[in-house]
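In our numbering, the protein residues as written are 11 to 133.
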Amino acid sequence: MKVSTLRLLRKERKMTLQAVAESIGVAKSTYACYELNYRQPPIEVWQKLAILFNTSVDYIIGATDDLHPQYKCTNAKAILKNSKLHWDGVPLTANDLEIVRDLLERVVQERISSKDKKGLSSI
11 MKVSTLRLLR
21 KERKMTLQAV
31 AESIGVAKST
41 YACYELNYRQ
51 PPIEVWQKLA
61 ILFNTSVDYI
71 IGATDDLHPQ
81 YKCTNAKAIL
91 KNSKLHWDGV
101 PLTANDLEIV
111 RDLLERVVQE
121 RISSKDKKGL
131 SSI
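Set out below in structure tokens:
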């Protein structure tokens, strides 16, 4: 792992050691040891860090220079089923996700309704 990668990602997001530690469920001192490369996190923690920093484990450990890996799923409905979503490091609750789903559902319904009206007016 590049020693500074975790620190760089954290600083770019203006997060404290404590905030990152709480987000991934470890003590502040434990996370600090990860940043300083004194300890290696278990795979579950690598995955949490990748999700938190919106990148891949490969990027964090220095195996790739690609900060943002290509995600295959572009269906917002499927993405919102992920209960571990966050907004710039702030975890989203189930209620938050439900609000977003409802909003997007209304947007889509309005678009469909608008297209239906346009189609009827041309008859």
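The beta carbon of each residue, even a glycine, is placed where N, CA and C say it ideally should be.
Fair warning: this is a prediction, and the values are worked out from it, not measured in the lab.
- prompt: Going along the chain, which residues of its own chain have a beta-carbon closer than 6 Å to the beta-carbon of F63, five neighbours each way excluded?
  reply: As a position in the sequence shown, residue 63 is number 53, starting the count at 1. Excluding residues within five positions, the ones whose Cβ falls inside 6 Å are L19.
query: If we ignore side chains and look at the alpha-carbon of each, how far apart do W56 and G35 end up?
result: Here residue 56 refers to the residue found at position 46 of the sequence shown. Here residue 35 refers to the residue found at position 25 of the sequence shown. So the two alpha carbons sit approximately 12 Å from each other.
message: Please report the distance separating the alpha-carbon of I70 from that of L59.
response: Within the sequence shown, numbered from 1, the residue matching residue 70 stands at position 60. Within the sequence shown, numbered from 1, the residue matching residue 59 stands at position 49. Those two C-alpha atoms are separated by around 8 Å.
query: Does DSSP put V100 in a helix, in a strand, or in coil?
result: By one-based count along the sequence shown, residue 100 stands at place 90. Note: V100 maps to strand in three-state DSSP.
field: S39 - containing alpha helix (DSSP H), residue span
entry: Here residue 39 refers to the residue found at position 29 when the sequence shown is read from its first residue. Residues K38 to E45.
- prompt: Where does the unbroken alpha helix (DSSP H) through R20 begin, and where does it stop?
  reply: Here residue 20 refers to the residue found at position 10 when the sequence shown is read from its first residue. Here the alpha helix (DSSP H) through R20 covers T15 to E22.
message: Are the CB atoms of G99 and R23 within a distance shorter than 7 Å?
response: On the sequence shown, position 13 is the one that residue 23 refers to. On the sequence shown, position 89 is the one that residue 99 refers to. In this structure, G99 lies closer than 7 Å to R23 by Cβ.
message: Any contact between the segment 94-109 and the segment 37-53? By contact I mean 3 or more CB pairs, one from each, below 8 Å.
response: no
message: Beta-carbon within less than 8 Å of C43's beta-carbon, same chain only, minus the 5 sequence neighbours each way: which residues are those?
response: Counted from its first residue, the sequence shown places residue 43 at position 33. Excluding residues within five positions, the ones whose Cβ falls inside 8 Å are R49.
message: So, at 7 Å on beta carbons, what are the nonlocal neighbours of V67 in its own chain, with the 5 sequence-adjacent residues on each side left out?
response: Locating residue 67 in the sequence shown gives position 57, where the first residue counts as 1. Excluding sequence neighbours, V67 sits near W56, Q57 and A60.
- prompt: With burial defined as no fewer than 16 other Cβ atoms inside 10 Å of the residue's Cβ, what is the status of S33: buried or exposed?
  reply: Locating residue 33 in the sequence shown gives position 23, counting from the first residue. With 16 or more Cβ atoms within 10 Å of its Cβ, S33 is classed as buried.
query: Exposed or buried, which one is V117 when buried takes at least 16 other CB atoms within 10 Å?
result: Here residue 117 refers to the residue found at position 107 when the sequence shown is read from its first residue. By the neighbour-count rule (16 or more Cβ atoms within 10 Å), V117 is not buried but exposed.
task: Kindly list the residues whose CB is nearer than 7 Å to the CB of E115, restricted to its own chain and excluding five residues on each side of it in sequence; keep chain order.
output: Here the question's residue 115 lines up with position 105 in the sequence shown. The answer is none, since no qualifying residue turns up.
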